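Quick note, the sequences are listed as chains A and B, same order. The UniProt record's numbering numbers the first residue of the first sequence as 1 and each following residue consecutively. The UniProt record's numbering numbers the first residue of the second sequence as 1 and each following residue consecutively. I have placed the structure first, in the form of structure tokens, so that the comments after it can refer back to it.
Protein chains: 2
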Amino acid sequence: MKALEEKILKEGIVKEGNVLKVDSFLNHQIDVSFLEKMGEEFKELFKDKKITKILTIEASGIGVAVMASRHFGYVPVVFAKKAKTSNISDELYHTRIDSYTHQKTNDVVVSKQYLNQDDHVLIIDDFLANGCAIFGLIDLVQQAGGVVEGVGIVIEKGYQEGGHKIREAGYHLESLAIIESMNDQTSEITFRK
Amino acid sequence: MKALEEKILKEGIVKEGNVLKVDSFLNHQIDVSFLEKMGEEFKELFKDKKITKILTIEASGIGVAVMASRHFGYVPVVFAKKAKTSNISDELYHTRIDSYTHQKTNDVVVSKQYLNQDDHVLIIDDFLANGCAIFGLIDLVQQAGGVVEGVGIVIEKGYQEGGHKIREAGYHLESLAIIESMNDQTSEITFRK
């Protein structure tokens, strides 16, 4: 998505330790009209799929998922929650996700009420790097017996292994922008063609 | 908002310890078309105000705020973040918010880049009980020198003191539903007329 690449070049900040900050429109302040365009783009990219539910994870994925839902006929959005305790009840699907950014492992849950075997799920998230979050969400859908129809990502770090692993595993993954390289010394960012 | 009261009666679950769970449409699964109606209603309730920014707090407020933004001319949404460390930099406005639900105090921050003295802010959140979260968000706007034009809440627990204190302090507070009482034994919920 050309407009997203331009926005990243203009507003993104490359920080030490492989961090791209896009706080001006996605991760802290949200540019809602831009989210609208991203929602339209996801619909275009997954137009052949019958989606009954969008699954994301709190917190930054929620805005993107909600706006995308409008373009998929207002299907329900479910956001997986980071469990506050490791005391997981029988009423929940549970998976564990390693967080690269915060160097910890989160227990992530979805209530069994909101994900089931009839669901055809589009998984949406803001970033894809090593793929841990997405494989965790895929795991939750599979526990529920649902079908993962696709994975939609705003920004993929193409030089990390997540995208390759998800495509290799046979999932239909679409990223609105794929970063080929970035340099925190020069602030240079290049995108995959 | 009559439709919201009906939805709470139909789908809300009263739990021990003054907890109302609305996970089916707001706090876990999100009914996006219903969020759309709530966004329209907030616009109607604050139609005389010139709003330049919507401020909320992660995570459950984000969906409501993003959908409301559409009805206020796509103004930017900023979500305050729960700080992961108590190491707060100079680039952040910082406040502390006691969480009733999780019985802890959170350090909550907003980057100084995304809130400033030109901002006319509508604060939006999903629940209002003792008012701690809202007074924290008001504090952040005031630190930035901005103006709090209003506070929009989805569900106010009218029998707790938050709503009274915010109105008493002179803020324009609108809650889409105000619960007068609820009973976890009988599951009965009554609303303020």
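Here a beta-carbon is modelled for each residue, glycine too, at the ideal position from N, C-alpha and C. All values derive from a computational prediction rather than experimental measurement.
Short CB-CB distance (under 8 angstroms) between G63/A and chain B:
yes
According to DSSP, is M1/B helix, strand or coil?
coil
Between which two residues does the beta strand (DSSP E) harbouring F191/B extend?
I189 to F191
Rounded to the nearest angstrom, what separates F46/A and A177/A at their Cα positions?
16 angstroms
Length of the line joining the Cα atoms of L128/A and E168/A:
15 angstroms
C-beta contact flag for L122/A and G150/A at 8 angstroms:
yes
Is I30/A close to chain B, meaning its C-beta is less than 8 angstroms from at least one C-beta of that chain?
yes
Looking at the C-beta of M182/B, does it have a partner C-beta in chain A at a distance below 8 angstroms?
no
Measuring CB atoms only, is the stretch 15 to 33 of chain B touching the stretch 46 to 55 of chain B, in the sense that at least three cross pairs come out at less than 8 angstroms?
no
Which of helix, strand or coil DSSP assigns to V66/A
helix
Is M38/A close to chain B, meaning its C-beta is less than 8 angstroms from at least one C-beta of that chain?
no
What does DSSP give as the partner residues of H120/B in its beta bridges?
V147/B
Please name the residue or residues paired with N106/B in a DSSP beta bridge.
I97/B
Cβ of Y114/A versus every heavy atom of the ligand COA: is any distance shorter than 7 angstroms?
The ligand content of the structure shown is nil, which means the ligand COA is not present either.
Helix, strand or coil for S33/A per DSSP?
helix
Within 8 angstroms of any Cβ in chain B, is that where the Cβ of E91/A sits?
no
Might you give, ordered along the chain, the residues of its own chain that have their beta carbon closer than 8 angstroms to the beta carbon of D132/B, omitting 5 neighbours on each side?
Residue identity check: residue 132/B is Cys in the sequence provided, not Asp. Only I97, D98, S99, Y100 and G162 meet the Cβ criterion.
Is DSSP giving G170/A helix, strand or coil here?
coil
Just to confirm before moving on: does the CB-CB distance between I189/B and I179/B stay below 8 angstroms?
yes
Pair within 8 angstroms by beta-carbon distance, V77/B and V154/B
no
Using 8 angstroms as the limit for Cβ to Cβ distance, is E58/B near chain A?
yes
Report the neighbours of S33/B on chain A: residues whose CB is nearer than 8 angstroms to its CB, in chain order.
Y74
For the beta strand (DSSP E) that T56/B lies in, which residues bound it at each end?
K53 to I57
Which first and last residues belong to the beta strand (DSSP E) in which F79/A is found?
V77 to K82
Taking V109/B as the reference, give the member of D125/B, Q117/B and Q143/B with the closest Cα.
Q143/B
Does the beta-carbon distance from M1/B to E36/B come in below 8 angstroms?
no
List the endpoints of the continuous beta strand (DSSP E) containing K15/A.
I13 to K15
Please check if any C-beta of chain A sits within less than 8 angstroms of the C-beta of F79/B.
yes
Three-state class that DSSP yields for D139/A in the structure shown:
helix
Are the CB atoms of V32/A and R192/B within a distance shorter than 8 angstroms?
no
Look up L20/A in the DSSP assignment and give the residues it is bridged to.
V14/A
Within its chain, find whatever has a CB closer than 6 angstroms to the CB of F135/B; leave out the 5 residues flanking it on each side and keep chain order.
none
Report all residues from its chain with a CB closer than 6 angstroms to the CB of T95/A; omit the five preceding and five following residues, and keep chain order.
V108, G136, D139 and L140
Mind checking V19/A: buried by the 16 CB within 10 Å criterion, or exposed?
exposed
Per the DSSP calculation, K47/A is bridged to which residue(s)?
DSSP output for K47/A lists no bridge partner at all.
If we cut at 8 angstroms on Cβ distances, does S99/B have a partner in chain A?
no
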